[in-house]
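K.L.:
Protein chains in written order, with my numbering: chain B, 1 to 116; chain A, 117 to 228.
Could you have a look at this structure, given as structure tokens, before my questions?
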Amino acid sequence: GAVVSQHPSRVICKSGTSVKIECRSLDFQATTMFWYRQFPKQSLMLMATSNEGSKATYEQGVEKDKFLINHASLTLSTLTVTSAHPEDSSFYICSARGGGRGETQYFGPGTRLLVL
Amino acid sequence: GNSVTQMEGPVTLSEEAFLTINCTYTATGYPSLFWYVQYPGEGLQLLLKATKADDKGSNKGFEATYRKETTSFHLEKGSVQVSDSAVYFCALSSAAGNKLTFGGGTRVLVKP
């Protein structure tokens, strides 16, 4: 149990375009989802926390207009990177918590974004 | 604020060797402690956790004990395999908001 999926696993896009990444909890209802960014050989940086049905809470330094997060249901959260630039290239990982599984966060497999 | 410090890698071992990855933390209150593992090209998987002092988390031959007196949560495995090659992250979750704070990660390479 506690499976979290992400789609797509890899995406390449041109500079200036927008990219949407989906995060789904497959076998539990996620009241809270988290979005992280990971640079090569570095640790995870929390970008934002989203609770179902409410606006996301962004960490300091993360542009909310650039990284749009929607958590419209208990099993789906989306991250849209708007007007992507090469410096947005990174590994984006989501995690989910809830459904009676306590405080443990369960992570998705990640999405590698490359902006050309 | 909260912080997690873990030993820098890479750690290179031979198969069947003993593995220790040190992790210490700073936190207010009584955090929960976690070890996550990340295999190449994948997301993080929860390896084990401990929610209170003196708890021992264990999974797949790995163990870690929550030591409040030394604010540590060192990861150990008695006999590693090539398949244990990965990056290991120590993390804590405080009561406020349950956000995870990660250490920098330790890359482990096990050679046959």
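Built from N, CA and C at the ideal position, the CB exists for glycine as well.
Is SER210 of chain A helix, strand or coil when you go by DSSP?
P.N.:
Stepping through the second sequence from its first residue, residue 210 of chain A is reached at position 94. Coil, per DSSP.
K.L.:
The beta strand (DSSP E) spanning LYS172 of chain A covers which residue range?
P.N.:
Translated into positions along the second sequence, residue 172 of chain A becomes position 56. It spans 172-175 - the beta strand (DSSP E) in which LYS172 of chain A sits, taken as one unbroken run.
K.L.:
Report yes or no: is there a C-beta of chain A within less than 8 Å of the C-beta of GLN60 of chain B?
P.N.:
Locating residue 60 of chain B in the first sequence gives position 60, where the first residue counts as 1. No, GLN60 of chain B does not count as interfacial toward chain A.
K.L.:
Just the chain B side, please: which residues come within less than 7 Å of GLY159 of chain A by C-beta, in chain order?
P.N.:
As a position in the second sequence, residue 159 of chain A is number 43, starting the count at 1. Result: ILE93, PHE107, GLY108, PRO109, GLY110.
K.L.:
With which residues is VAL11 of chain B paired in a DSSP beta bridge?
P.N.:
Your numbering for residue 11 of chain B matches position 11 in the first sequence. DSSP output for VAL11 of chain B lists B:LEU113 as bridge partner(s).
K.L.:
Going by beta-carbon coordinates alone, are SER117 of chain B and PRO109 of chain B separated by less than 8 Å?
P.N.:
Given a span of 1 to 116 for chain B in the structure shown, any question on residue 117 of chain B remains unanswerable.
K.L.:
My output table needs one value for SER54 of chain B: the three-state DSSP class, helix, strand or coil.
P.N.:
The residue you call residue 54 of chain B lines up with position 54 of the first sequence. Coil.
K.L.:
Using a C-beta cutoff of 8 Å, does SER43 of chain B count as contacting chain A?
P.N.:
Position 43 of the first sequence, counting from 1, holds the residue named residue 43 of chain B. At least one chain A Cβ lies under 8 Å of SER43 of chain B.
K.L.:
Using only CA atoms, which one of A:MET123, A:LEU129, A:ASN118 lies nearest to ASP200 of chain A?
P.N.:
The residue you call residue 200 of chain A lines up with position 84 of the second sequence. Cα-wise, what sits closest to ASP200 of chain A is A:LEU129.
K.L.:
If you drop the 5 nearest sequence neighbours on each side, which residues of the same chain put their C-beta closer than 7 Å to that of VAL115 of chain B?
P.N.:
Counting from 1 along the first sequence, the entry for residue 115 of chain B is found at position 115. The answer, listed in chain order, is CYS13, SER15, ALA84, HIS85, PRO86, ASP88, SER89.
K.L.:
Express the C-alpha separation of VAL19 of chain B and GLY194 of chain A in angstroms, rounding to a whole number.
P.N.:
Taking the second sequence and counting its residues from 1, one reaches residue 194 of chain A at position 78. Taking the first sequence and counting its residues from 1, one reaches residue 19 of chain B at position 19. Answer to the nearest angstrom: the Cα atoms are 44 Å apart.
K.L.:
Could you round the C-beta distance between PRO228 of chain A and VAL198 of chain A to whole angstroms and report it? I think they count as a contact, below 8 Å.
P.N.:
In the second sequence, residue 228 of chain A corresponds to position 112, counting from 1. In the second sequence, residue 198 of chain A corresponds to position 82, counting from 1. Indeed, because the Cβ distance is near 5 Å, the residues count as touching under 8 Å.
K.L.:
How far does the beta strand (DSSP E) with GLU179 of chain A in it reach, from first residue to last?
P.N.:
Your numbering for residue 179 of chain A matches position 63 in the second sequence. Element bounds for GLU179 of chain A: 178-181.
K.L.:
Please compile the residues from chain A whose C-beta is within a distance smaller than 9 Å of the C-beta of LEU46 of chain B.
P.N.:
Taking the first sequence and counting its residues from 1, one reaches residue 46 of chain B at position 46. Those are LYS215, LEU216, THR217, PHE218, listed as they occur along chain A.
K.L.:
What is the rounded straight-line gap between the Cα of GLU59 of chain B and the Cα of THR49 of chain B?
P.N.:
By 1-based counting over the first sequence, the position of residue 59 of chain B is 59. By 1-based counting over the first sequence, the position of residue 49 of chain B is 49. Using only the alpha carbons, I get a separation of about 8 Å.
K.L.:
Counting only the same chain and skipping the five closest in sequence on each side, list residues whose C-beta sits under 6 Å from that of GLY221 of chain A.
P.N.:
The residue given as residue 221 of chain A occupies position 105 in the second sequence. The answer, listed in chain order, is VAL203, PHE205.
K.L.:
For VAL153 of chain A, which residues of its own chain have a beta-carbon under 6 Å away from its beta-carbon, when the five flanking residues on both sides are left out?
P.N.:
Numbered from its first residue, the second sequence carries residue 153 of chain A at position 37. So the qualifying residues of the chain are GLN161, LEU163, ALA202, TYR204.
K.L.:
Beta-carbon within less than 6 Å of PHE150 of chain A's beta-carbon, same chain only, minus the 5 sequence neighbours each way: which residues are those?
P.N.:
Here residue 150 of chain A refers to the residue found at position 34 when the second sequence is read from its first residue. The residues are LYS165, ALA207.
K.L.:
Assess, as a yes-or-no matter, whether the stretch 90-102 of chain B is touched by the stretch 120-138 of chain A under the definition of 3 or more beta carbon pairs within less than 8 Å.
P.N.:
No contact exists between the stretch 120-138 of chain A and the stretch 90-102 of chain B.
K.L.:
Who are the near neighbours of THR181 of chain A in its chain, counting only those whose CB is closer than 6 Å to its CB and skipping five residues on each side?
P.N.:
Taking the first residue of the second sequence as position 1, residue 181 of chain A is located at position 65. For THR181 of chain A, where only same-chain residues beyond five positions count, the Cβ hits under 6 Å are LYS172.
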